[in-house]
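Visitor: In the numbering used here, the protein residues as written are 18 to 491.
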Ligand code: FAD
Ligand code: ZN
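Right under this line is the structure:
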């Protein structure tokens, strides 16, 4: 006599075929998070090939009282994309749903399956003569469904906005297994509550995103990259103001990198030859995308840097001569998290503060951490153009990083998040809440806001089928 679980697994196998229901063997790719800090245990990993299959799977799971963890590329950084340890959850991996459904050149949109890898979408857009500007270091493996579910940011937000801003419509399988067809591609629609915006950033807790209509942009004629040494964070902020003024909509990237962050790249990847970092507390990476010509882009950059030198907010700078050099500079920036991992376990924060208050925040928080943990090393870098810092904390040079984490993680988080609250910022600008920041949220969101979040969760997923225990506790 088969038990209830076996019977449910059989039903799932009937929907997707037995080879797409994984229950044994090495399931690390689905059960272990990218940072290798949490591991769950799934009842099964199920890999549907269509929206209709997702809808049927959700119906079967809901009827059996089995909860579902939606999963794309499993590159999430807050423990939200893996199952819990119960062995009772189904991981619904959307990797097989990877088709670009259509490109509408006149409407400047692209409609895609949620399991498409981000880089493949950038390539598909480029092949059609357009730009899909969402860009992040995980783009070779993260999926657009995951990007939307986490409202991912990345390096082009200063110009094009985050995943939410790039999304015009969604197709979603609800917690009841119904399909919401919201792929209109409309830029204007004021017929009540914006359901799309509820699902963007919901981290799989309200429904499964199965398709999306995304904005496309004209491909710029030229993109130029510059690397500037700045004497302080305040000077970096002043440079940002100048860049907005001189480049306007051409400013497509503005990243800041602290000296220690760059020293880790120089130490662990010496072949990368990091420029200008030794004599300056911060470097800035700027990108200017121009719709006229490369010459025009270069002239604009030269004017900007001239003014910045005169104002004293840049002490030295290089402009990439060609695409290869530009890619090398971006590669240095993107290597910081990896160099940090080479250096040892660390504590990550993806905070945001109003740009104008960032220098004050950094000075105050550096001082608080230095006083609490002598010798602590701060890996400070990120998307200054969006007021978003990766304000990460590394063990003292002579310390064991495992011991450091065990002894100080809670204390460090409290210091950083309290300081973020003091400066009226957000404890997550990019990675989301997942399970990692769930308990912190109640200290950093008002009871009114949390009450509304709980009401939304209960209204859309009263049975708690969708990624329970993540983002909001009911
Ligand atoms: P997953 O990790 O599989 O899932 C993430 C969350 O979304 C989970 O809660 C999951 O349940 C949910 N989810 C996934 N797919 C769906 C779906 N179809 N429907 C509903 N819910 C779903 N983030 C940034 O914002 N900016 C960055 O610059 C950035 N850089 C990164 C660099 C690296 C090297 C890495 C590893 C991560 C980075 N991230 C960044 C984190 C970011 O959240 C993810 O890379 C990406 O957005 C997640 O996509 P994914 O397909 O891997 O989703
Ligand atoms: Zn980031």
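A virtual CB, placed ideally from N, CA and C, is assigned to each residue, including glycine.
Owing to the predicted nature of the structure, the values given are computational and were not obtained by experimental measurement.
Are the stretch 204 to 215 and the stretch 114 to 121 in contact at 8 Å, needing three or more beta carbon pairs?
Guide: They do not touch, by the three-pair rule.
Visitor: Quick check: residue 303 and residue 356, are their CB atoms within less than 8 Å of each other?
Guide: no
Visitor: Should residue 447 be counted as a contact of ligand 2 given a C-beta to heavy atom distance under 7 Å?
Guide: Yes, Cβ of residue 447 sits closer than 7 Å to a heavy atom of ligand 2.
Visitor: What first and last residue would you give for the beta strand (DSSP E) that runs through residue 338?
Guide: Counting along the chain, residue 338 falls outside any beta strand (DSSP E), and DSSP gives it neither H nor E.
Visitor: What does the alpha-carbon distance come out to for the pair residue 121 and residue 129?
Guide: 12 Å
Visitor: Quick one: does residue 22 have its CB under 8 Å from some CB of chain B?
Guide: The structure shown contains no chain B; it holds only a single protein chain.
Visitor: For residue 441, does the three-state DSSP call read helix, strand or coil?
Guide: coil
Visitor: For the beta strand (DSSP E) containing residue 127, name the first residue and the last one.
Guide: 126 to 130
Visitor: Cα separation between residue 22 and residue 482?
Guide: 16 Å
Visitor: Does the distance between the C-beta of residue 170 and the nearest non-hydrogen atom of ligand 2 fall short of 7 Å?
Guide: yes
Visitor: So which of 190, 296, 282 has the shortest CA-CA distance to residue 290?
Guide: 282
Visitor: From what residue to what residue does the alpha helix (DSSP H) around residue 71 run?
Guide: 68 to 81
Visitor: Starting from the Cα of residue 147, find the closest Cα among 101, 82, 233 and give me that residue.
Guide: Looking from the CA of residue 147, the closest CA among 101, 82, 233 belongs to 233.
Visitor: Let me know the secondary structure DSSP gives residue 407 once reduced to three states.
Guide: In this structure, DSSP gives residue 407 an extended state, which the three-state scheme calls strand.
Visitor: On a CA-only basis, which of 430, 437, 403 is nearest residue 178? Give me that one, please.
Guide: 403
Visitor: Can you determine whether any heavy atom of ligand 1 sits closer than 7 Å to the C-beta of residue 88, and answer yes or no?
Guide: yes
Visitor: State yes or no: is the C-beta of residue 61 nearer than 7 Å to some heavy atom of ligand 1?
Guide: no
Visitor: Under 6 Å Cβ to Cβ from residue 443, same chain only, skipping five residues before and after it: list those, please.
Guide: The answer, listed in chain order, is 369.
Visitor: By the three-class DSSP mapping on this structure, what secondary structure does residue 261 have?
Guide: helix
Visitor: For the beta strand (DSSP E) that contains residue 85, what are its first and last residues?
Guide: Segment 85 to 88, the beta strand (DSSP E) holding residue 85.
Visitor: Determine the DSSP secondary structure at residue 370, reduced to helix, strand or coil.
Guide: coil
Visitor: DSSP puts residue 394 in a beta bridge; with which residues?
Guide: 411.
Visitor: Could you give the DSSP three-state label for residue 41: helix, strand or coil?
Guide: coil
Visitor: For residue 156 and residue 417, what's the separation of their Cα atoms in angstroms?
Guide: 32 Å
Visitor: In this structure, what does DSSP give as the bridge partners for residue 304?
Guide: Under DSSP, residue 304 takes part in a beta bridge, and its partners are 242, 270.
Visitor: From what residue to what residue does the beta strand (DSSP E) around residue 106 run?
Guide: 106 to 110
Visitor: For residue 197, which beta-bridge partners are listed by DSSP?
Guide: 189
Visitor: Please work out which residues of its chain come closer than 6 Å, Cβ to Cβ, to residue 56, disregarding the five sequence neighbours upstream and downstream, and give them in chain order.
Guide: 48, 49
Visitor: For residue 293, which three-state DSSP category applies?
Guide: coil
Visitor: By a C-beta neighbour count over all protein chains shown, 10 Å radius and 16 as the cutoff for buried, is residue 88 buried or exposed?
Guide: buried
Visitor: Can you name, in chain order, every residue of its own chain whose Cβ lies under 8 Å from the Cβ of residue 25, other than the five neighbours on each side?
Guide: For residue 25, where only same-chain residues beyond five positions count, the Cβ hits under 8 Å are 77, 78, 81, 83.
Visitor: Closer than 6 Å by C-beta to residue 30: which residues in its own chain qualify, once you throw out the five before and the five after it? Chain order, please.
Guide: 38
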